[in-house]
Each structure stands twice: as structure tokens, then as C-alpha cells.
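See below for the structure under consideration.
There are 2 protein chains.
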Amino acid sequence: MNQHTPVTIKDIARKFKCSPSTVSRALNNHPLINEDTRRNIQEYAQKVGYQRNSVSLSLLNQKSNTLGVVVPSLNQFHETAMIEGLQNILQANGYMMTICVTNESYTLEKEYVEKLMANRVEGIFLSVSQETYDSGHYQHLENILHRNIPLIFIDREFDGVPTNSIIVDDYWGAFTATEHLILRGFKRIAHLKGPNGLTVSEKRFKGYKDCLAKHQIAFDENLIITTNFKAESAIMPMHRLMSLENPPDGVFAVNDVVASAAMQVIRDLGFSIPQQVAIIGFDNSPFSAYMFPSLSTVNRFGKLIGEEAARLFLNNLNLQTKQNETIVLPPELIIRSSTLS
Amino acid sequence: MNQHTPVTIKDIARKFKCSPSTVSRALNNHPLINEDTRRNIQEYAQKVGYQRNSVSLSLLNQKSNTLGVVVPSLNQFHETAMIEGLQNILQANGYMMTICVTNESYTLEKEYVEKLMANRVEGIFLSVSQETYDSGHYQHLENILHRNIPLIFIDREFDGVPTNSIIVDDYWGAFTATEHLILRGFKRIAHLKGPNGLTVSEKRFKGYKDCLAKHQIAFDENLIITTNFKAESAIMPMHRLMSLENPPDGVFAVNDVVASAAMQVIRDLGFSIPQQVAIIGFDNSPFSAYMFPSLSTVNRFGKLIGEEAARLFLNNLNLQTKQNETIVLPPELIIRSSTLS
DNA sequence: ATCATTTTTTCAAACGTTTGCATAAGATTT
DNA sequence: AAATCTTATGCAAACGTTTGAAAAAATGAT
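Taken in order, these protein sequences are the chains called V and X.
Here full-length UniProt numbering is used: the first residue of the first sequence is 1, the next is one more, and so on.
Here full-length UniProt numbering is used: the first residue of the second sequence is 1, the next is one more, and so on.
Here it is, written out as C-alpha cells:
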């Protein structure tokens, strides 16, 4: 009863005393096959639960119908939104998706890329890990292109690797967010930045600093707090910051979760938001609109990035000549109560 | 320069005028191979970027080193937490993970399961889609077991399919949450439920109702709001509910996002939380602790479920005799300010 | 009965790799 | 110089499927 090894085309051929070719053609409705033979074989195959072995097909056709997705983590809303976007489009086109989480490790990223290529995936969507930036090594990424496997950077690209990418302008998002605070009249603006050295943190940090400079506001090292993107890491330093004799009147947080933690501290210490302290986050997480007060933030369109990346991949399949575009999506400033006094 | 087709063992054999067997053995450090040959071949392979074709290996060994993960969606914190948990453990054991999103569709679920089996995955982690429950069809799930592929239900199981599952007791979580409100003295408790017919919604709904019954509180149809798990869907009905002449003094929401939307409405209408209206959510999302007031909720340990599921899979590999356990994790009531007057 | 035609089936190779067994080459002993 | 023993390599089959070309079988025409 229990089929330990799956039934193959050969098993069926043996049963019908015919060749595997006949079975194959019968199952594929090949016109040159006898109608009776076809029906008999198909019925039998159905009965014994025959299912074509895609692995052998992959080998034969050098096509796996599988795409690789390499991301640094899965615990940020933005990342899962991207994957959702990818899935939305690729699902409809019959691709399977292999997901690899690098944990910001160069070694893991390299290892995964190699495994994906060994598995003969037909394309790779990759968000560069931090260690890869730091190490400066990108041989593994170039290898993908050497093998003629489409590579598409999503959200984080590696300059110098010539391929398609879809990213959001973090610098600009940060600049705009900061400027929004300034234009609303806030002058002493703190920044809850992401981990030091993380490119995405530094880009936003720079956007913040450059914006201050543009508006002739002196940069104050004391107003910078470094977080690990998690709420907890913001609590203590934020407490310290708000207890200064000259506390900030505005806060730009590297993401919404950190912003929510900061809001809690600010409220707990008796400041009013946004009258005394305005605050803006980053990501437009689902809950940001429903915090109290509702949180101004920067939308970076994770789902859209995924969908566009998938479309880019599909379009390039049809094209013969390879195009290399870098699509930089402008982030969207979303203004809510936390910055509207 | 550009290797259009990847270099194979045969290419190398041709280069060295030897047989593929020799190359294979040289690359695998087989002891019976001449030291010079070995070195030369390895160096050359390295140089031309040879990489073993896993597809052919899968075919040969009938082992794909790939596991399938089938989930209804990716946009809930709980689901991505589970996947993160899976990845944490499976990554270390050299498995690749193919992720399929069913969108609660029976057809897609069936299709994906078939594709995964066609790809000869070595195990499937599956969270049953709603349509599958509704249709009552589970042949595709039994097929997995017939093929002797380990199947592990995560978060949502299908009764009657004898296999391992790791789930959280939704009924109990809802019961406890409701009881917490009652014990705190709230009597008129509304429930923002999930989509009608969705098993997980109904389980929580039943937990809520049974708890009311236990405490001799009459069930009031007017206090039930149906949402689609998204914040937006709660706004209007919640508005209506709070405008009744006899509004609720407690709210149990099917998840934290819906709870946050409800909180906003409650506040906007001038009620104080938790003095006039207490509210509790579900999921223990990362931001729930940082809302205002911080949101009481029910933790359902998504990451843990993923990790335990992975461990269960790995353990069962070693075991010869197949075990079928259903592990029901007790959810954890997390009490915060939104229910503490 | 012979040939031509049509219909149906089989053969063999291919995809890339591994592996037991056979064989060849080289070294060592008689 | 022949026999024995190592050491190194090659052969062939296997995994499951598809496909062009060849072969076989059935049908029809002369």
C-alpha cells in the first residue's frame, strides 16, 4: 500500500510491457500515441498516484523553475513585505522561491549564493548583508553574473556589481523626514540611528546630518543614540537624553518600532507629543497609523519593491539584450499627528 | 570568458583526458587517486569555477536537501516569526527552504504541495489554509504521508491527518484573555473577531463566548465585530459600537493590529483606557509593549513554534519508528496597562 | 503477393554525478 | 623473466525524464 519510493515512468512501462517513451508520451498527450494506450496509461498513472519527478526534468532541461531570495533577516516588516511582493508576482508565473536568511553574515551569504547556484536557480533576488559591505568582497556576486544567472538587488545593492537593482533612497527619506521636523519649527532634533557601520543606518544618518547643515543647525553628537533596530535598545538612552537640561524638541527614529519606544519614554517623562517633542519614524509599519499620537513616518514601499523586482526579472527574461537599470524609488513622507502641533 | 553553461565534471575530464570518474574522485578527495592528479584537477576546477550540480545529485541520491514551507500568508507577524524559527534551526543543518504562500486557497495549497513533492522535498511544514478546512478535502495532505514524506503541521492542523503538529491553543488563549478582563471587573466585553469561518477566528470566538458563559455574562451579538485582521476593517464598526448608549467597557481583539485601531477609536471618542474601556489583543507583536497605553495581549510564540517544528523534524529523521505527537503550546497572557486600571 | 503509406512503438542519447567492479600500469618479489 | 602485489584509472550503470530518428506494425492500394 505505502509507496516507499515514488512510482516512476519505468514502473508504469513495466506494467504495460511497453517502453518508457510511450508512457512519457501518453502522459504528455503526445498526438502520435494510440488513443487506448493513452487512456489506459493515464488512468493507471492516476490510480497509483504517479507524479513526474521535477528533479530529473530540471537536470534534463537545465531549468529548475526555482528562484533564490537572499535577505539579511525576516524580522523587519519591510523585508517580509518585499518577499510578499515577490511571491505575488512569481507565484502566478509558476516559480518556486527558495528563501535564505543571512543574518548580515558575509560567510552565510556566500554559502547560500553558492548553494543556490548549485541548485541551478534561474535567478537570485538579493539584499546585500552588512558584513559583505564591510568586507568589500563581492566575488560571489560577480560569480552569479558570470554564470549568466539574473541577479537583482532588492533594497540593498552593491555598487560596482553591474546588474539590476530596486532600492529606496534612504538618504533622501531621512533628509525629508528631518526637514519636515525643521520646517515645522523644531530645532533641536535627536536621531535614533541604527547599528553603527550598517550602510542603511549610515545613509539615514547622513541624510539627517546634511539636512541639519542645509538649515544651519549645528550637529550635536549628544543628540545621537545608537540602537539595534529593536525597541528595547532605545529605552535607556532615550531616558538619558530626555533628562538633559536641554532635551531635544524633535526626534527622527531609524524605524517605527524604535520610534514607538521613544514615544513611550517621552510620554512617561511628561512631555507632550508633538507640542513639546515631535517624532517621526521610518517604514510605515501597519501599526504606525494607530499609535497615540499617530506616528509620522517614511514609507519605503516594501511590497512594491518586491513586485517591481519580480517584474524586472520577468521582463528581462524575454529581452535578449541584458539591461542594467537601477530603479531608485523615492520614499514617501507620511505626515501624521506626531509631528503636527 | 563568460561561461554560459556551467562547467561540468565532463568538461574537466576532457581537459585532462581522463574519465569523469577520476575527476569526481579527485574532487571528493578519494584516497585511491594520485596526489598530483588530485591537486591538478582541484586547482583547475577552482580556476574555472566548477561547482557541483546539486540537481544531478538529488536525482542520484533521491535526496534534495530541501524542505517545503506552506503558509497562508506572510503579512502577519506570527507567521514570519515561525519561518524565522524554522530557518534558525534548519539553516544550521544544511537544508534549503522553499516557501509557498497559499493565500488561504485550497487550490493553491494543493498545487504547492504537489509541486513540492514533485521537487522531492524531504519534508513539509504546513499551516492549513482556510479553504482547505472549509472544503474538508485533505487527500493532498494524506498523499504527503503516503509518499513517506514527513509532514509537520505548524500553527494550524487538520484533524484526522495523523502526523506531528505544533500548535498554540487559540481557544485557551482567547478564554484566558477574556477571563482576565472579567476578573478585572469588566462586564460588557466586545469582541473584534477575525473573518467569519476562519477556524482560528472561530476558536477564539468560542473561547470568548465560553468564558462569558462560565462567568454568567450574557452573550450579546451586538458586541461582536467582524474584521479581516487589518486595522482599517475595525475602525468604522468600532465607532458605531462605542457610540451605543450602552458601550462596552472591555474589548478583546483578535490581534494586536486590530486592537491598536480600536484603541484609537476609543481614545478619539473621549473614553479613557483602561479606566472606562479595557482592551486586550493577541500576538504580542513587537510594538504592543510600546503603544499608549501599552497593550495587554496573548503571546503565541511564533518563533518557538518554528524552532520546535524544525527540531521535531530532525529528531524524527533519526528515529526509525514514526511518532505522531501533537504539541499544544499554552499561550501566555501578557498583562500591560491597557487592562490595568 | 507486393509495395506504399500511415500509425504506433521502441531505441538511444542526453542532462551531471557517483560508485562497485574491472583493468591497466607500475613496482616489487621470486 | 615471470609472477605477485600495489596503485591509479576507466567502464558502465544508475537516478527519471524527454525526444529525434529509426523500426515495427497495421492498413490500404495495386
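Don't be surprised by glycine CBs; every beta carbon is placed ideally from N, CA and C.
Item                                                                                                                                      : Value
Buried or exposed (CB count within 10 angstroms, at least 16 for buried), Pro150 of chain X                                               : buried
Pro72 of chain V beta carbon near the ligand MG (any heavy atom closer than 7 angstroms)                                                  : What this structure holds is no ligand at all, so the ligand MG is not there to describe.
Meets three-Cβ-pair contact criterion under 8 angstroms: the segment 255 to 266 of chain X and the segment 280 to 291 of chain X          : yes
Cα-Cα separation between Ser73 of chain X and Pro31 of chain X, rounded to whole angstroms                                                : 50 angstroms
Check whether Thr98 of chain V and Glu109 of chain V have beta carbons under 8 angstroms apart                                            : no
For His191 of chain V, the three-state DSSP class (helix, strand or coil)                                                                 : strand
Burial state of Asn2 of chain X (16 or more Cβ within 10 Å)                                                                               : At Asn2 of chain X the pLDDT is 43, less than 50, meaning the model places this residue with poor confidence; the figure from the coordinates comes in the next sentence. So Asn2 of chain X ends up on the exposed side.
Rounded distance between the beta-carbons of Gly306 of chain V and His78 of chain V, thought under 8 angstroms                            : That belief does not hold up - the Cβ atoms of His78 of chain V and Gly306 of chain V are roughly 10 angstroms apart, past 8 angstroms.
The beta strand (DSSP E) enclosing Ser165 of chain X, as first and last residue numbers                                                   : 164 to 168
With 16 other Cβ atoms within 10 Å as the buried cut-off, status of Gln91 of chain V                                                      : buried
Contacts that Val257 of chain V makes with chain X (C-beta to C-beta distance below 7 angstroms)                                          : Pro286, Phe287
Exposure of Met238 of chain V, with buried meaning 16 or more beta-carbon neighbours within 10 Å                                          : buried
Local conformation of Phe282 of chain V per DSSP, three classes                                                                           : coil
Residues that Gly49 of chain X contacts on chain V, provided the C-beta gap is smaller than 9 angstroms                                   : Asn143, His146, Arg147
C-alpha distance - Ala231 of chain X paired with Leu192 of chain X, whole-angstrom precision                                              : 11 angstroms
Cutoff 8 angstroms; reference Val121 of chain V; Cβ partners in own chain excluding five residues on either side                          : Ser64, Thr66, Leu67, Gly68, Thr98, Ile149
Cβ contact (3+ pairs, closer than 8 angstroms) linking the segment 320 to 329 of chain V and the segment 164 to 179 of chain V            : yes
Residues that Thr226 of chain V contacts on chain X, provided the C-beta gap is smaller than 7 angstroms                                  : Chain X residues near Thr226 of chain V: none, gap ~18 angstroms exceeds 7 angstroms.
Candidates X:Ala234, X:Val70, X:Ser285, X:Asp249: closest to Gln264 of chain X by CA position                                             : X:Ala234
Neighbouring residues, chain V, relative to Tyr44 of chain X (Cβ below 7 angstroms)                                                       : In chain order: nothing, as chain V lies at least about 17 angstroms away.
Cutoff 8 angstroms: Ile305 of chain V Cβ touching any chain X Cβ                                                                          : no
Reduced DSSP category for Cys100 of chain X - H, G, I as helix; E, B as strand; rest coil                                                 : strand
Neighbourhood of Val48 of chain V by C-beta distance below 6 angstroms, restricted to the same chain and skipping five residues each side : Val7
First and last residue of the uninterrupted alpha helix (DSSP H) at Phe77 of chain V                                                      : 77 to 92
Test: Asn2 of chain X CB closer than 8 angstroms to a CB of chain V                                                                       : Caution is warranted here: a pLDDT of 43 is assigned to Asn2 of chain X, below 50, making its placement in the model unreliable, and the coordinate value is therefore given only provisionally. At least one chain V Cβ lies under 8 angstroms of Asn2 of chain X.
Nearest candidate by alpha-carbon position, reference Asn222 of chain X, set X:Arg240, X:Gln216, X:His215                                 : X:Arg240
Within-8 angstroms CB hit, Gln87 of chain V to chain X                                                                                    : yes
Under 9 angstroms (Cβ pairs) to chain V, residues found in the segment 90 to 111 of chain X                                               : Gln91, Gly94, Met96, Met97, Thr98, Ile99, Cys100, Val101, Asn103, Leu108
With 16 other Cβ atoms within 10 Å as the buried cut-off, status of Arg147 of chain V                                                     : buried
Reduced DSSP category for Ile305 of chain V - H, G, I as helix; E, B as strand; rest coil                                                 : helix
Nearest neighbour of Ile224 of chain X, chosen from X:Asn93, X:Asn196, X:Pro293 [CA to CA]                                                : X:Asn196
Assigned secondary structure, Val161 of chain V (DSSP; H/G/I helix, E/B strand, else coil)                                                : coil
Ala253 of chain V, DSSP secondary structure in three states                                                                               : strand
Closer than 8 angstroms to chain X by CB, Met242 of chain V                                                                               : no
Segment limits, alpha helix (DSSP H) that includes Thr8 of chain X                                                                        : Looking at the DSSP string, Thr8 of chain X is not in any alpha helix (DSSP H), and its letter there is neither H nor E.
Chain X contact for Met263 of chain V (CB, 8 angstroms cutoff)                                                                            : yes
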